[in-house]
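Comments concern the structure below.
2 protein chains.
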Amino acid sequence: MNFEYKEPLLVQEVASRDGLQIETQWVETADKIALIDGLSACGFTRIEAGSFVSPKAIPALRDGDAVFNGIARREGVIYVALVPKVKGAERALAANADELNLVMSASQTHNRANMRMSCELSLAGFGDIVRLVDGIQHAKVSLNATVATAFGCPFEGRIDEDRVVSIARAYREMGIAGITLADTTGMANPRQVARLVSRVLEHVSAADLTLHFHNTRGLGLANVLAAYDAGARRFDAALGGLGGCPFAPGASGNICTEDLVNMCDEMGIPTGVDLQKLIALSRTLPALVGHEVSGQVAKAGRNCDLHPVPEYVLTI
Amino acid sequence: MNFEYKEPLLVQEVASRDGLQIETQWVETADKIALIDGLSACGFTRIEAGSFVSPKAIPALRDGDAVFNGIARREGVIYVALVPKVKGAERALAANADELNLVMSASQTHNRANMRMSCELSLAGFGDIVRLVDGIQHAKVSLNATVATAFGCPFEGRIDEDRVVSIARAYREMGIAGITLADTTGMANPRQVARLVSRVLEHVSAADLTLHFHNTRGLGLANVLAAYDAGARRFDAALGGLGGCPFAPGASGNICTEDLVNMCDEMGIPTGVDLQKLIALSRTLPALVGHEVSGQVAKAGRNCDLHPVPEYVLTI
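One line per chain: the protein sequences are A and B, in this order.
Following our numbering, the numbering of the first sequence begins with 1 at its first residue and continues without gaps.
Following our numbering, the numbering of the second sequence begins with 317 at its first residue and continues without gaps.
Written out as structure tokens, the structure is:
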């Protein structure tokens, strides 16, 4: 492990999309907007703010249009929308999303379970979205596509690494600049991460590659470390560690943003995020979603938040 | 990070000592014995089975003698006892502990808070214990000493690395073979871990050095990875992630044994531990301690524990 370099690590905040999408307690549109505006005030430059999917499929995010129209657009912040299909892309463009994030699983079974179509049909839909964006004159919107279950599938198990690399290359050949490798149900391990990141970086620059880890089996930050060490510089994370996967019941969710930022702060890796503000924002989550969240740093505080010395110690 | 080597990683199980010591619900002696015997059946070769401290200080472990006398000694397993003072050492020897683990904090304030004495007095007490063991003919007991708060103190903050190295050297010069560096309240980060482990390995062989991490700020397994990469091979961990520190309220505990073993299994690093048995044992913990525990793998299952494919998928 090379601990000399201290290149910046870019955190894309996904609490308002991947975090909230499985919550059963309805979060008011105004509260979603306040969360996103709170995140941009912490210093994030990329926020996945919502998704444009069928309200039947993900009722928790059915107000994507109102959310995108309500947020205070902060200069320099890219507001991303998840759009699996062309219909969602049209809505996202109408709502002035800065970037569209398309998603397909490397696993056929997971894609059928999640998107209700084959990978081939998903890819054909991506082509439609690329053509839609290309057809808009002066469109400033950028494109990213996610390879879900890139490190393992809860139905199929291991995923062939060649398949993940070839999907990433196919995305690029379609004209999609950004690539995300997603460990959708937390099956990745650091050795696998280092290997796959190295392979994908032969085809995609570090500036265009995002890693999306879940902490389902407690390995989230270890995987970030391995990916960073292998050259990755962009990571998804969700405030409080919100999120999860309906096909992996009982598991914890996305890697926790404040735990990741704390790790970077302690290691001297710049993120541009204000950890103290972030912790304060995270502490509002339990009231918002109606349950405790899995993040640690919001409970334990930063290292520099020292505890008072017990009185009896002074007499020893 | 060098991901080619796959040298074995030795896990010392500390659930029955560091895990149980802060539990408020009384765990019956027979249940403690069953837990320890369950652990030795999973393949652990080192188990910190209990402590011999004042029953007023740690009432949860007041039955250390009965526990040591009740366990089924499995051949090849070293049963360790935590003994901060000479009186405890006498009790541990009478109970046939295989190894004594002494403990002092690198931080004067933490040592006064935890041990109610200065570091100088703690070290003098260690000398008494070394002489006690030396004075017993044919004594087969081995000695280990822990540097607590080696990576940070909740009262003092940063700990000077030179001080940690010099304490480790002082332990060795007293005739104590084993050294543990403990991140008592989870303040370590991977960069610091790599640096300090490298420095201490100049004075202590990897076979004699143990790392003890807490997951207080979510960095436990990332720190294991950094330490392993720097040459460390022995790690403490507690079933279910039990434990914690009274001076770091709200925080989670020791790194979770089954999460660590799962990481090693997935990375191809041998531990000699049966993960499936271990998960089954961990799932008995909530009933034993009266609350949910923080470990992830016992909730999510192993990667190879696949989920059934939803019926609707077959029609797509």
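The beta-carbon is built from N, C-alpha and C at its ideal position, and this holds for glycine as well.
A quick note: this is a predicted structure, and the numbers were derived from the prediction, not measured.
Near residue i, what residues of its chain come up, given a Cβ to Cβ distance below 7 Å and the 5 sequence neighbours on each side ignored?
i      : result
A:G317 : The question about residue 317 of chain A has no answer, for chain A in this structure spans 1 to 316.
A:A89  : V83, L100, I129 and L132
B:R515 : E477 and V481
Closest Cβ-Cβ distance between residue i and chain B: below 9 Å?
i      : result
A:V313 : yes
A:S118 : yes
A:E156 : yes
A:P8   : no
A:C42  : no
A:L61  : no
A:N254 : no
A:R163 : no
A:N101 : no
A:G125 : no
A:A95  : no
Kindly say whether residue i, judged by its beta-carbon, lies nearer than 9 Å to any beta-carbon of chain A.
i      : result
B:I632 : yes
B:Q508 : yes
B:M420 : no
B:T532 : yes
B:G468 : yes
B:K615 : yes
B:R428 : yes
B:P624 : yes
B:T500 : no
B:N619 : yes
B:T600 : no
B:T465 : no
B:L512 : no
B:G611 : yes
B:D552 : no
B:N505 : yes
On the DSSP letters alone, give me the boundaries of the beta strand (DSSP E) that residue i sits inside.
i      : result
B:E329 : L326 to E329
A:Y228 : Unbroken run through A:Y228 is the alpha helix (DSSP H), G220 to D229; no beta strand (DSSP E).
B:H519 : Neither: B:H519 is in no beta strand (DSSP E) and is coded neither H nor E.
B:F551 : R550 to A553
B:F467 : Per DSSP, B:F467 belongs to no beta strand (DSSP E) and is neither H nor E.
B:N385 : Careful: B:N385 lies outside any beta strand (DSSP E), inside the alpha helix (DSSP H) at G380 to G386.
A:I279 : A:I279 -> not in any beta strand (DSSP E); alpha helix (DSSP H) instead, spanning L275 to S282.
B:E364 : R362 to S367
A:V103 : E99 to S105
A:L209 : L209 to H212
A:L181 : G178 to A182
Give me the residue from the options with the minimum Cα distance to residue i.
i      : options                           : result
A:V130 : A:A222, A:K87 and A:V67           : A:K87
B:L576 : B:Y395, B:D621 and B:F529         : B:F529
A:K299 : A:T284, A:V313 and A:E311         : A:T284
B:A538 : B:A523, B:R407, B:G502 and B:I387 : B:G502
A:A92  : A:F126, A:R195 and A:V141         : A:V141
B:G556 : B:R550, B:S568 and B:P562         : B:S568
A:E48  : A:D229, A:A170, A:Y312 and A:Q12  : A:Q12
B:Q612 : A:A150, A:S122, A:G268 and A:I255 : A:I255
A:C245 : A:A150, A:E7, A:K6 and A:D18      : A:D18
A:L278 : A:A15, A:R199, A:R217 and A:K6    : A:A15
B:T500 : B:D478, B:T462, B:M317 and B:R485 : B:T462
A:P286 : A:M1, A:K6 and A:V27              : A:V27
A:T109 : A:E156, A:A34 and A:L20           : A:E156
A:G125 : A:Y171, A:G43, A:G268 and A:A280  : A:Y171
On the premise that residue j lies in contact with residue i, defined as a C-beta separation below 8 Å, what is that separation, rounded to the nearest angstrom?
i      : j      : result
B:N619 : A:G152 : 6 Å
B:S367 : B:L377 : 5 Å
A:L181 : A:A150 : 4 Å
B:D524 : B:A493 : 6 Å
The alpha helix (DSSP H) with residue i in it runs from where to where?
i      : result
B:S482 : E477 to E489
A:V313 : Counting along the chain, A:V313 falls outside any alpha helix (DSSP H), and DSSP gives it neither H nor E.
B:G569 : Element bounds for B:G569: n/a, residue is neither H nor E.
B:H426 : Q424 to M431
A:T29  : T29 to C42
A:F126 : C119 to D134
B:V396 : Segment I394 to L398 is the beta strand (DSSP E) holding B:V396; no alpha helix (DSSP H) there.
B:A405 : V402 to A410
A:A298 : V297 to A300
Suppose the cutoff is 8 Å on Cβ atoms and the five residues either side in sequence are ignored; what does the same chain contact list for residue i look like?
i     : result
A:T45 : L10, G76, V77, I78 and G272
A:F68 : A49, G50, Y79, A81, A92, A95, N96 and A97
Looking only at its own chain, which residues have a Cβ that is under 6 Å from the Cβ of residue i, when we skip the five neighbours before and after it?
i      : result
B:A543 : V509, V513 and L527
B:A522 : G547 and R549
A:R217 : G186
A:R163 : A106
For the stretch 581–596 of chain B, enumerate the residues whose C-beta is nearer than 9 Å to any C-beta of chain E, in chain order.
-> Absent here is chain E; the protein component of the structure consists of chains A and B.
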